[in-house]
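**Q**
Residue numbers (the numbering used here): 679 to 931.
In structure tokens, the structure reads:
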């Protein structure tokens with residue numbers, strides 16, 4: 679959870695982020711840490727009054743913590759660029775000259791601390807490949823876009839919490855979708871992670887018949903085993919300053 683402090687010393691935790699009915703503004707659901715009381719504040723007003731509380735961790739310790747939670751493959755990552763239509767696109771972090779090489783001859787740039795720092799500063803945006811070479815993963819992401827994404831996401835989180843599982847919500851870069859992250863204490867087979875995700879969605883559909891869940895797009899990992907070549911689909915990594923502060927590209931529990 680993100681913890682913020684005001685100029686007069688009030689410390690609050692951001693519990694959730696949601697949009698107004700017409701989508702023109704966003705609101706934070708906050709909790710005061712001193713008395714546990716909760717309140718709602720519009721984003722621009724919140725950003726004027728509060729700032730992120732400084733951490734006592736060193737930069738290196740923060741990076742180590744981040745990579746221990748978002749534990750995907752670090753021998754390769756997804757780079758981004760803006761195409762002619764102004765949209766962001768991604769491609770694997772091939773070394774220079776990869777187009778002239780056969781696929782089996784291509785090599786990758788690794789995901790280093792300097793690349794992560796650039797991502798956090800908003801200088802670039804990267805994606806992470808969730809599946810390890812042994813077909814295991816440390817996290818699962820459910821992706822919802824357009825339609826009933828808000829209601830579907832909140833329903834999934836409720837279903838998970840009722841079963842003592844924590845779901846972390848991330849509003850997508852566009853502001854019209856949602857990623858739901860589940861982190862595992864240790865790596866599990868991707869097949870089991872995907873079965874877990876499918877079961878959650880089935881339970882949510884059974885308990886919320888009024889929702890179509892047409893907004894569900896895909897999950898990451900999006901296959902049980904790696905294809906020949908060793909990489910496949912990636913997920914956009916959270917906490918890029920390109921999305922913060924205008925959009926909540928961080929995680930809320």
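Note that CB positions come from ideal geometry on N, CA and C, so glycine has one too.
Spatial neighbours of residue 653 within its chain, please: C-beta separation below 7 Å, excluding the five flanking residues on both sides.
**A** Outside the displayed range of the chain (679 to 931) lies residue 653, so it cannot be described from this structure.
**Q** Less than 8 Å between the CB atoms is what I'm expecting for residue 748 and residue 806, so what's the real figure, rounded?
**A** 6 Å
**Q** Cβ of residue 816 within 8 Å of Cβ of residue 915?
**A** no
**Q** Per the DSSP calculation, residue 718 is bridged to which residue(s)?
**A** 707
**Q** Going by beta-carbon coordinates alone, are residue 695 and residue 706 separated by less than 8 Å?
**A** Yes. Within cutoff.
**Q** Quick one: what's got a C-beta closer than 8 Å to residue 772's C-beta in the same chain, skipping five residues either side?
**A** 784, 785, 786 and 787
**Q** For residue 853 and residue 701, I'd like the C-alpha separation in whole angstroms.
**A** 9 Å
**Q** Considering Cα atoms alone, identify which of 814, 729, 813 and 832 is closest to residue 885.
**A** Closest by alpha carbon: 832.
**Q** On the DSSP bridge list, what partners appear for residue 756?
**A** 770 and 805
**Q** By Cβ distance, which residues of its chain are closer than 7 Å to residue 731, with the 5 residues on each side in sequence left out?
**A** Only 681, 682, 683 and 689 meet the Cβ criterion.
**Q** Sort 740, 693, 686 and 872 by Cα distance to residue 846 and report the nearest one.
**A** 693
**Q** Using the DSSP secondary-structure output, state which residues sit across from residue 680 in a beta bridge.
**A** Under DSSP, residue 680 forms a beta bridge with 692.
**Q** Under three-state DSSP, which class holds residue 727?
**A** helix
**Q** Could you tell me the boundaries of the beta strand (DSSP E) in which residue 819 lies?
**A** Segment 814-823, the beta strand (DSSP E) holding residue 819.
**Q** Taking Cβ to Cβ, would you say residue 899 is nearer than 8 Å to residue 868?
**A** yes
**Q** From the DSSP output, in three-state form, read off residue 784 for me.
**A** Looking at residue 784 - three-state DSSP - the assignment turns out to be coil, as it is neither helix nor strand.
**Q** Between which two residues does the beta strand (DSSP E) containing residue 896 stretch?
**A** 894-898
**Q** Can you list the alpha helix (DSSP H) stretches of 4 or more residues lying completely in the region 821-853, in chain order?
**A** 827-840
**Q** Who are the near neighbours of residue 742 in its chain, counting only those whose CB is closer than 8 Å to its CB and skipping five residues on each side?
**A** The answer is none, since no qualifying residue turns up.
**Q** Under three-state DSSP, which class holds residue 865?
**A** In the three-state reduction of the DSSP assignment, residue 865 falls in the strand class.
**Q** I'd like to check one pair, residue 860 with residue 843: are the Cβ atoms closer than 8 Å?
**A** Going by C-beta atoms, residue 843 is nearer than 8 Å to residue 860.
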